[in-house]
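Everything on this sheet refers to the single structure shown next.
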Amino acid sequence: MAGPRGRYRIILASQGPLERRIPRRGLLDNTHSPYAGLSSSRSESRNRVNNLASDSASIDPADLAAAGATRSPVRTVQLLHTLASTASGATLAALAADLRLPKTSVFRLLRSLELCGYVEVVKGAYQLGPAARELGKAIMLNYDFGGRAHQTLQWLASKCGQTVILGTLAPNGADVIYSSVIEGVNPLRFTINAGAAKPLQCSASGQVLLAFMQAKALEKFYAEVVYTRHATGTIMTREHLDKALRKIRKTGIAVSVNGMDQGVYSVAAPVVDASATVCAGISVSAPEAHAADHAEEYESLVRQAGGELSRLLGYAGDYPPAA
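Heads up: the sequence shown begins at 1 in full-length UniProt numbering, then just goes up one per residue.
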């Protein structure tokens with residue numbers, strides 16, 4: 001169920017909440033921009049993962065015994081690290097060689113992980129399964145990602161002066177939840193509370209999630225969606241939504257004007273995790289009249305921020321991602 005509607009609010013910039021929360025120094029200075037590392041390559045990410053696996057493999061069994069620990073959990077972690085470093089998967093023989101373990105031991109580990117959804121077999125090769133991807137996503141979102149992502153959201157808000165929203169898919173698969181909201185400093189701006197939920201088809205960040213959603217989940221959404229008009233630009237048909245999603249997949253950007261709230265312009269870009277799954281949308285929302293002269297600037301900034309958040313999550317592929 002959708003949450004409360006957003007609204008315009010006029011506040012003197014000197015009294016705005018972000019005047020106290022966003023330090024302008026560093027966020028506006030290019031030498032301190034979080035985008036200095038935006039060019040991180042896929043090979044660099046794999047090297048980091050390989051180093052982790054090597055560190056685990058170097059543990060002396062005698063040290064484990066002295067600590068009262070067992071080998072099996074360590075071997076499981078080594079195996080997961082190895083699979084995380086291979087984009088196309090690995091055979092049983094290759095994994096056994098990498099881990100310097102008997103094939104029978106590796107097979108038993110793989111079988112256990114497969115039954116739990118942490119490993120799957122694709123075209124004869126072992127890969128990380130959906131449970132492993134979900135675990136990785138949860139770890140990044142709730143531990144390392146949170147604080148570093150907030151810095152990027154602040155950077156974007158300070159650059160455009162408008163409200164920045166990080167939207168994630170609601171458990172019902174029909175709404176987008178505004179997980180994090182940072183207001184800009186522009187006297188005339190759009191405001192909404194963090195935690196609000198909106199229909200996916202009515203917001204830019206929601207449309208980004210739909211555009212890159214897995215086919216089965218998207219069909220379920222289409223089968224259950226109820227089109228309700230909220231403003232003059234609300235999408236009301238599957239044909240209209242299909243057209244919008246095709247454009248988003250092509251450009252990597254979603255634009256919504258008067259979709260949920262009259263007079264509000266929003267532009268969003270995808271946030272991609274290490275498994276190349278779009279897990280969130282980052283958006284800028286502004287009064288439509290103001291955005292008319294700044295649309296290209298907002299699109300460029302939100303694309304930069306989406307790319308940086310994706311890098312923080314470990315994504316090392318092309319950005320925006322291919323649908």
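Where is the CB? At the ideal position from N, CA and C, for every residue including glycine.
- Task: Quick one: residues in its chain with C-beta nearer than 6 Å to the C-beta of L79, no 5 flanking neighbours on either side, listed in chain order?
- Result: L109
- Item | Close-in-space but distant-in-sequence residues of the same chain around A280 (CB under 7 Å, 5 per side omitted) | L166, G167, T168, V271
- List the DSSP bridge partners of P270. G281
- Taking all protein chains shown into account, do 16 or more other C-beta atoms lie within 10 angstroms of the C-beta of Y315, making it buried, or fewer, making it exposed? buried
- Decide if T82 is buried, meaning its Cβ has at least 16 other Cβ atoms within 10 Å, or exposed. buried
- Between the Cα of C116 and the Cα atoms of A196, P287, K103, A132, which residue gives the shortest distance? A132
- Task: Give the straight-line distance between the Cα atoms of R246 and G161, rounded to the nearest whole angstrom.
- Result: 30 Å
- A289 - DSSP class collapsed to helix/strand/coil: helix
- Task: Assuming S266 contacts A204 (C-beta within less than 8 Å), just tell me the rounded distance between them.
- Result: 4 Å
- Mind the definition here: the stretch 254-261 touches the stretch 178-187 only if three or more C-beta pairs lie below 8 Å; say whether that holds. no
- Message: Contact defined as beta carbons within less than 8 Å: I believe I182 pairs with A157. What is the distance between those atoms, to the nearest angstrom?
- Response: 5 Å
- Which listed residue (V284, E296, P321) has its alpha carbon closest to that of Q154: V284
- How close, in whole Å, do the beta carbons of A269 and G252 come, if the pair is a contact with beta carbons under 8 Å? 6 Å
- Query: Excluding five sequence neighbours on each side, which residues of the same chain lie with their C-beta closer than 8 Å to the C-beta of D273?
  - Reply: R133, G136, K137, M140, C279, S310, L313, G314, Y315
- Task: Could you give the DSSP three-state label for Y222: helix, strand or coil?
- Result: helix
- Item | Integer-rounded CB distance, given that I248 should sit under 8 Å from V208 | 6 Å
- Who pairs with G167 in a beta bridge, going by DSSP? Y178, G281
- Which residues in the same chain have their Cβ closer than 6 Å to the Cβ of A96, if we skip the five residues on either side of it in sequence? K103, V106
- So which of G173, N172, A174, N193 has the shortest CA-CA distance to residue 340? Given a span of 1 to 323 for the chain in the structure shown, any question on residue 340 remains unanswerable.
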